[in-house]
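Using the UniProt record's numbering, you'd call the opening residue of the first sequence number 1 and step up by one each time. For each residue, glycine too, the CB sits at the ideal point set by N, CA and C. These numbers were taken from a predicted model, which means no experiment stands behind them.
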Amino acid sequence: MGRAPCCDKANVKKGPWSPEEDTKLKSYIEQHGTGGNWIALPQKIGLKRCGKSCRLRWLNYLRPNIKHGGFSEEEDNIICSLYISIGSRWSIIAAQLPGRTDNDIKNYWNTRLKKKLLGKQRKDQQHTRRGSKQITKRDIINQDSRGSLIGPSFHSPYTCHHHHLCRSQFKEASLSMTTPR
DNA sequence: AATACCAGCAACCGCGTAAGT
DNA sequence: TACTTACGCGGTTGCTGGTAT
């Protein structure tokens with residue numbers, strides 16, 4: 001059975017938004033608002049898009065005062081410390097960073113910040129455990145196809161209930177990152 | 001110059017839940 | 001109270017451009 005689709009998939013365009021679609025959506029919402037119904041909105045303005053897709057486009061790109069890229073050191077620190085305290089609640093984290101969207105922060109975390117934090121953590125571990133092995137076979141196995149580290153070596157402490165070390169590892173890594181040198 | 005690989009990011013999917021009936 | 005519908009969120013996918021071989 002499964003879940004009923006939110007729209008007619010056959011008559012809905014997918015993939016990247018064209019400038020024309022952006023203009024249509026933006027000018028309509030600026031004039032009339034969303035009308036409290038995202039699903040009806042694309043039909044109203046003649047867009048062959050799913051309501052969800054319109055909502056996402058508006059929230060992440062078309063909305064005024066959206067910032068993209070160029071995360072500051074301060075923003076990095078806020079994201080890291082919030083991630084440690086609440087986990088991957090991206091919308092809550094985004095609410096603390098004006099102009100940033102949850103999607104942007106999520107991408108930034110997954111592609112860069114996680115590695116940055118991990119690199120820092122590794123450096124610190126090597127420093128404290130001088131002479132110990134550096135990268136293990138397991139580290140390599142734990143790397144997914146995109147090269148990001150997965151598995152016990154880097155769980156979110158709030159999604160992993162099995163590894164007691166996760167929480168302390170995160171805290172340790174974060175502290176070493178947030179505290180000024 | 002061609003190909004393979006990788007990183008970054010935009011967008012989609014599906015679930016949980018709030019709101020409406 | 002039970003059911004339906006739409007929204008919001010987080011995880012994941014897949015495209016694109018850059019870099020390495």
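Assuming residue i and residue j are in contact, meaning their beta carbons sit under 8 angstroms apart, how far apart are those beta carbons, in whole angstroms?
i	j	result
residue 215	residue 17	With the chain represented from 1 up to 181, any question about residue 215 goes unanswered, as that position is not in the structure.
residue 92	residue 86	6 angstroms
Counting only the same chain and skipping the five closest in sequence on each side, list residues whose C-beta sits under 7 angstroms from that of residue i.
i	result
residue 101	59, 60, 66 and 94
residue 90	102, 105 and 106
residue 75	97
residue 28	45
residue 71	108
residue 69	none
Would you mind stating whether residue i and residue j have Cβ atoms separated by less than 8 angstroms?
i	j	result
residue 51	residue 7	yes
residue 47	residue 78	no
residue 82	residue 26	no
residue 49	residue 9	no
Leaving aside the five residues before and after residue i along the sequence, list all residues of the same chain whose C-beta is less than 8 angstroms from its C-beta, in chain order.
i	result
residue 35	41 and 44
residue 19	none
residue 54	25, 38, 41, 42 and 47
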